[in-house]
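So for the sequence shown, my numbering puts the first residue at 5; every next one is plus one.
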Amino acid sequence: MADDTSTLRDTADDWSSRERTPGTPPRVIVIGAGVAGLSTGCYAQMSGARTRIFEKHVLPGGCCTAWSRDGYLFDYCIEWLIGTAPGNEAHQVWRELGALDGKTVTNFELFNKVEDESGRSVTFYNDPDRLEAHLLAVSPVDAPVIRAFTRDLKRFIAIDLYPFLTAPALRTVRERAATLRTVLPAFRLFWRTAATPMHVFADKFQDPLLRRAFRNIFFQDPEGFPLLPYLFNMAAAYHLNAGFPQGGSLGLSRSIEERYLGLGGHVTYRARTERILVENDRAIGVELRNGKRYFAEHVVSAADGHSTVRGLLGGRYTGPRIDKLYTDLLQRPGTLFPAVVSAFVGLRGDFDPGEAHSTTHLLTDEDGRRLPGALQNSLVVQARSRYSDGFAPPGRSVLHCTYFSDYAYWKELRTRNRKEYRQRKHEVADFVRTFLERRSPGITDRIDLVDVASPATTHRYTGNHNGSILAWKAFSDADDVSARLVGRDRMRLPGLTGFSMAGQWVGMGGLIRAASTGRFAVQYLCREIGLEFRAWESEATEPWHPGKLGRLPQLDRWSAREETSS
């Protein structure tokens with residue numbers, strides 16, 4: 005296995021030495037080139053450290069990725085990105101990381117559409133007045149509940165709160181005061197919407213479609229979310245601050261990688277970390293699977309949390325909070341965000357322009373049983389070619405069909421019987437074809453291919469525990485524990501110095517949260533290794549173009565073709 009695909013430009017080549025070259029900046033090793041790992045590398049480079057990132061895959065981004073097939077680009081991750089509009093801290097983070105350099109942003113007037121089995125539908129417009137008028141037309145009898153929701157949405161639209169620049173424990177009195185000035189007037193709103201589960205609110209509707217539709221504003225029902233995140237994200241979308249950046253998921257990762265390399269950093273791909281080297285309870289470097297060792301003054305793991313704590317460190321550095329997360333909560337139902345099955349459809353011509361860019365289709369029980377490993381009776385269909393250019397060859401388009409699924413189901417299948425595993429993928433592809441044909445007669449004649457990725461695929465290529473796409477579920481019991489890891493423990497493990505964790509297993513799911521944990525980790529480690537934290541916005545102006553994606557892999561050598569059905 006190739007170890008190093010980067011060209012080192014350090015004046016001191018001392019990474020294989022326990023001691024760093026005298027007079028050179030401190031060394032920082034980062035495990036994982038996902039968004040959090042790349043963010044950590046960028047901020048460490050800006051702050052004067054020398055860094056290396058080791059990534060087991062051949063691409064940056066982790067889950068924020070894409071792959072190709074026959075000229076199509078299958079964009080896996082971003083559905084909306086907080087921070088696409090200027091004038092807030094989330095946008096500043098992306099500007100510092102170069103994530104939006106030279107890019108246009110696509111914004112939609114609606115967040116999602118939900119359609120039931122009979123064809124009745126609800127469109128969740130981001131504009132509260134338009135949303136209210138639409139919902140009242142759907143169900144006049146539910147006017148009080150509808151107006152309560154849109155009234156709260158207007159209140160969230162008036163709030164500007166994106167606290168992503170300073171780690172909680174390092175916020176100054178002025179920063180805390182500024183946050184309080186925003187939070188206190190809206191305290192009752194935050195408290196009430198955070199304490200009201202969406203399913204409790206949705207059950208207030210008399211119309212059965214509204215009861216089901218509100219649960220699926222975020223495409224599928226995350227089960228357990230309160231009202232607050234729905235209102236927050238729809239308000240962000242209203243301000244054009246939750247758009248889709250040109251180049252999509254891998255484009256975002258490549259832009260941050262480009263920024264990191266431009267700052268003097270180095271990424272080593274195909275380099276799986278086997279263990280973190282520890283001496284006298286201090287992290288001193290890493291050992292790769294090929295046996296090579298690299299040393300540093302600080303190690304940051306931006307990899308899967310369970311793999312880091314139990315695998316790379318052998319479970320030696322834990323405490324009550326870590327034990328609660330990785331012994332108790334990890335096994336508790338409803339604590340992890342679910343895994344997904346993705347079916348990408350390559351289509352000759354365009355998708356029906358009358359269809360929304362994103363629609364959740366509520367399925368009958370019979371249809372739900374036909375989806376292997378499905379956790380809910382719903383299928384999300386997104387017209388991805390409307391999100392950004394370059395996702396399909398000229399004259400063609402891409403659909404992305406997804407549903408929440410059980411990782412254990414797919415893992416057991418793949419381990420026990422590869423033939424049966426592939427057959428279940430065929431069943432997904434067949435269902436998607438049949439469903440699309442039912443809605444748009446004749447569409448199957450235009451399908452080039454259907455490419456299916458299971459939760460087992462996600463786990464193999466990212467290492468995410470149970471194939472979870474967003475790690476710990478926000479607003480679960482893990483949320484409070486994670487917040488203490490960031491604020492009180494400063495993203496470190498008990499009894500171990502020279503080490504930090506970053507990423508969604510520390511700061512919860514979502515790309516802006518992942519990026520901000522890299523910023524926070526570097527703010528903390530700068531104090532430990534004697535550097536001044538520094539950050540500035542990227543000044544790159546080259547327009548985005550597909551060539552920046554680089555060479556793309558074909559993750560599984562499998563796709564279901566319409567003409568061969570194999």
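Built from N, CA and C at the ideal position, the CB exists for glycine as well.
No experiment lies behind these values; they were computed from the predicted model shown.
- A distance below 7 angstroms between beta-carbons, with the five flanking residues on each side excluded, links Lys107 to the following residues of its chain, in chain order: Pro249, Gln250, Gly251 and Trp548.
- In the structure shown, the three-state DSSP call for Tyr76 is strand.
- Just so you know, the alpha carbons of Thr154 and Glu136 end up roughly 6 angstroms apart.
- CA-to-CA, the gap between Pro29 and Arg464 works out to about 35 angstroms.
- Contact between Pro167 and Glu93 holds: CB atoms are separated by about 6 angstroms, below the 8 angstroms threshold.
- Pairwise C-beta distances place the region 319 to 331 out of contact with the region 178 to 194, as fewer than three of them are shorter than 8 angstroms.
- Burial state of Thr55 is buried, judged by a 10 Å Cβ sphere holding 16 or more other Cβ atoms.
- Looking at Asp285, Glu283 and Leu292, the one whose alpha-carbon comes closest to that of Thr272 is Leu292.
- A Cβ-Cβ contact shorter than 9 angstroms links Leu529 with Val304.
- When DSSP assignments are scanned along the region 100 to 142, the uninterrupted stretches of beta strand (DSSP E) that are 3 or more residues long and fall wholly within it turn out to be 114 to 119 and 125 to 129.
- In this structure, the CA atom of Phe205 is about 29 angstroms from the CA atom of Trp509.
- The DSSP-derived three-state label of Asp356 is coil.
- Note on Trp540: under 16 other CB atoms within 10 angstroms of its CB, so exposed under the neighbour-count rule.
- Under the three-pair Cβ rule at 8 angstroms, the region 126 to 141 counts as touching the region 234 to 243.
- Look at Val485 here: in three-state DSSP terms it is helix.
- Going by DSSP, Cys405 is part of the beta strand (DSSP E) stretching over Arg400 to Ser409.
- Here DSSP, grouped into helix, strand and coil, assigns Gly289 to strand.
- Sequence-distant Cβ neighbours of Ser401 in its own chain, meaning closer than 6 angstroms and more than five residues away, are Leu351, Asp354, Phe355 and Ser389.
- Shown here for Leu114: same chain residues with a beta carbon closer than 7 angstroms to its own, the five before and five after excluded, namely Thr127, Phe128, Tyr129, Asn130 and Ala360 in chain order.
- Per DSSP, the unbroken alpha helix (DSSP H) holding Ala239 starts and ends at Leu231 to Tyr242.
- Going by DSSP, Asp371 is part of no beta strand (DSSP E) but of the alpha helix (DSSP H) stretching over Asp369 to Arg373.
- Less than 9 angstroms separates the beta-carbon of Ala171 from that of Arg523.
- Where Asp455 is concerned, the enclosing beta strand (DSSP E) starts and stops at Ile451 to Ala457.
- A distance below 7 angstroms between beta-carbons, with the five flanking residues on each side excluded, links Phe160 to the following residues of its chain, in chain order: Leu235, Phe236 and Ala239.
- Excluding its 5 nearest sequence neighbours in each direction, Cys405 has C-beta neighbours in its own chain below 7 angstroms: Ala347, Val349, Leu383, Val384, Val385 and Val436, listed in chain order.
- Three or more beta-carbon pairs separated by less than 8 angstroms are not found between the region 312 to 321 and the region 393 to 400, which leaves the two stretches without contact.
- With respect to the 9 angstroms criterion, Phe58 and Arg279 are not classified as neighbours on the basis of their beta carbons.
- Here Gly66 has Gly38 and Thr466 as same chain residues with Cβ atoms under 6 angstroms from its own Cβ, once five neighbours each way along the sequence are excluded.
- For Ala387, the enclosing beta strand (DSSP E) starts and ends at Ser382 to Ala387.
- Nearest to Gln427 by C-alpha distance, out of Tyr407, Ser472 and Arg374, is Arg374.
- In chain order, Arg31, Val32, Ile33 and Gly289 place their CB closer than 6 angstroms to the CB of Ala300, counting only its own chain and leaving out the 5 sequence neighbours on each side.
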